[in-house]
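What follows is a set of notes on a single structure, which appears directly below.
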Amino acid sequence: MVRYGVGATRGITLQQLRYFVEVAAEGSISAAADLLYVSQPTMSAALKDLESKVGRVLLTRSARGVTLTEDGTEFLGYARQVTEQAELLEQRYLGRPPSRRLLGVSTQHYSFVVDAFARMVKATDAPEYVFSLRETRTWDIIEDVRTLRSELGVLYRNDFNRNVIDKLLRDAGLVFTPLFLATPHIFIARSNPLAGRSRVTLDDLEDLPRLTFDQGTNNSFYLAEEILSTRSSKQDIRVSDRATIFNLMISLGGYTISTGIISDDLDPSIIAVPLEVDERIEIGWIGQASVSLTTQAQRFVAEMRDVVAGFGVELLV
3 MVRYGVGATR
13 GITLQQLRYF
23 VEVAAEGSIS
33 AAADLLYVSQ
43 PTMSAALKDL
53 ESKVGRVLLT
63 RSARGVTLTE
73 DGTEFLGYAR
83 QVTEQAELLE
93 QRYLGRPPSR
103 RLLGVSTQHY
113 SFVVDAFARM
123 VKATDAPEYV
133 FSLRETRTWD
143 IIEDVRTLRS
153 ELGVLYRNDF
163 NRNVIDKLLR
173 DAGLVFTPLF
183 LATPHIFIAR
193 SNPLAGRSRV
203 TLDDLEDLPR
213 LTFDQGTNNS
223 FYLAEEILST
233 RSSKQDIRVS
243 DRATIFNLMI
253 SLGGYTISTG
263 IISDDLDPSI
273 IAVPLEVDER
283 IEIGWIGQAS
293 VSLTTQAQRF
303 VAEMRDVVAG
313 FGVELLV
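Numbered by the numbering used here, the letters in the sequence shown go through residues 3 to 319 in order.
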């Protein structure tokens, strides 16, 4: 944990904290300076002064931009809490508009997350805002939340990957909060011959293309987005985004294994069919262990809970 000597934080200004939060979000001093309408030399000097006052190097600077150091990552969590509270005070007593940058979320490819995210954005009363939603790889979700590129991540655990995921989260200073337990389903196109079945077995899938999300250079059975990743398949196709996987379900008659929660509004051509396996999928969200959720993040979690409950799924927490 970052610790400061007596009086070390004297002289740190709210403006410096705001500069730091924006630079961390943009990964660039020049981009952050443009957004905040200050000169790059002014912002650079303010950040250098901030590092001097806290006695830590918070940013690693390079020609490609800036990244947070380990101390910088922890400091960012506290800085964001301070700036959010200051903004709430300013909105309440000075009538100032809220910050444009409100929330970043990184997630595995779940339509209920997109649905919840859309509801949250529609409900915001900010006249201007910057939200981000990244559907990405499991490793990148953990990294995004560790570095606070995103405040929240959404992913799953099960008996197979639990120990590995939990260790990665511990090492990153993150915690997993369960949301719900899902029984495995396959997602297939409505035109698939299996679409009329009340349930399917693994044998039924033997001759169908298996569609999975690519995990890049950090590929591992334990980081796979789909359960039963160690099971062999005669036809395997890896893709990087949800639109592609759905298109291949339609054009190739392929399938993927997921939670069974899918919104007709978002994905009208895809359906879920229960899969007969003795498995459970625990879906939850991850966040920084030492940092409380911002108000906007709490709203997003509430929206996720509402969306999931709307499918008749029992919530865990």
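All C-beta atoms in this analysis are idealised placements derived from N, C-alpha and C, irrespective of residue type, glycine included.
Treat the numbers as computed from the prediction; the structure is a model and nothing was measured.
| Check | Outcome |
| --- | --- |
| When you measure from the CB of I285 to every non-hydrogen atom of the ligand NAP, does any distance come out below 7 Å? | Absent from the structure shown: the ligand NAP. Ligands present: none. |
| Pull up the distance between the alpha-carbon of T149 and that of D209, whole angstroms please. | 42 Å |
| Using a Cβ-Cβ cut-off of 7 Å (strictly less than) and excluding sequence neighbours within five positions of E316, which residues of its own chain qualify? | F182 |
| Verify whether the separation of the beta carbon atoms of I31 and V25 is less than 8 Å. | yes |
| Suppose you measure from the CA of I263 to the CA of G314; what does that come to, to the nearest Å? | 10 Å |
| DSSP state of G9, grouped into three classes? | Because the pLDDT at G9 is just 42, under 50, the model does not fix this residue reliably, and the point stays unresolved. |
| Expressed to the nearest angstrom, what Euclidean distance is found between the alpha-carbon atoms of W287 and I272? | 25 Å |
| For the segment 217-264, which segments carrying the alpha helix (DSSP H) assignment without a break, of at least 4 residues, lie completely within its bounds, in sequence order? | 244-254 |
| Could you check where the beta strand (DSSP E) with P180 kicks off and where it finishes? | 176-184 |
| Counting C-beta neighbours from all protein chains within 10 Å, is the total for F302 16 or more, i.e. buried, or is it exposed? | buried |
| Note down the Cα distance separating T109 from V115, rounded to an integer number of angstroms. | 8 Å |
| Compare the C-alpha of I259 against each of N221, D267, R244, D266 and name the closest. | R244 |
| Under 8 Å: do the segment 277-297 and the segment 126-136 share three or more Cβ pairs, one atom per stretch? | no |
| Check M3 in the structure and name its three-state DSSP category. | Confidence at M3 is low in this model, with a pLDDT of 47, below 50, so the placement of that residue should be treated as unreliable; the coordinate-derived value is given next. If DSSP states are grouped into helix, strand and coil, M3 belongs with coil. |
| Under 8 Å by Cβ, that's how I've got A191 and I229 pegged, so tell me the actual separation to the nearest angstrom. | Not really, about 21 Å apart at Cβ, beyond 8 Å. |
| CA-CA distance, E76 and Q93? | 26 Å |
| Could you name each continuous beta strand (DSSP E) segment of 3 residues or more that falls completely within the segment 265-311, going from the start of the chain to the end? | 272-276, 283-290 |
| Between which residues of its own chain and V107 is the CB-CB distance below 6 Å, once the five residues before and five after are set aside? | L135, S152, L154 |
| If I measure Cβ to Cβ from I14 and keep anything under 8 Å in the same chain, skipping five residues before and after, which residues do I get? | L52, K55, V56 |
| Per DSSP, what are the beta-bridge partners of R136 in this structure? | S108 |
| Measure the C-alpha to C-alpha separation of V293 and G255 and round it to an integer number of angstroms. | 45 Å |
| Starting from L37 and walking both ways along the alpha helix (DSSP H), at which residues does that stretch end? | 31-38 |
| Could you tell me the alpha carbon to alpha carbon distance between S46 and T62, rounded to whole angstroms? | 12 Å |
| Determine whether the beta carbon atoms of A118 and E305 lie at a separation below 8 Å. | yes |
| Whole angstroms are fine: how far does the CA of D216 sit from the CA of V156? | 17 Å |
| Taking the continuous alpha helix (DSSP H) assigned at F22, which residues delimit it? | 16-28 |
| Can you name the start and end residues of the beta strand (DSSP E) that A191 belongs to? | 187-191 |
| Spatial neighbours of V147 within its chain, please: CB distance less than 8 Å, with the 5 preceding and 5 following residues excluded, ordered by chain position. | S108, E153, L154, G155, A174, L176, I288, G289, Q290 |
| By DSSP's criteria, G155 is part of a beta bridge. Which residues make up the other side? | S108, I288 |
| State the Cα-Cα distance for the pair K169 and E72, rounded to the nearest angstrom. | 18 Å |
| Determine the burial state of A81: buried for a count of at least 16 other Cβ atoms within 10 Å of its Cβ, exposed for fewer. | buried |
| Would you please state the rounded distance, in angstroms, between the beta carbons of T140 and E227? I believe it to be under 8 Å. | 6 Å |
| Pick from I143, A120, K124, S113: whose alpha carbon is nearest that of N220? | I143 |
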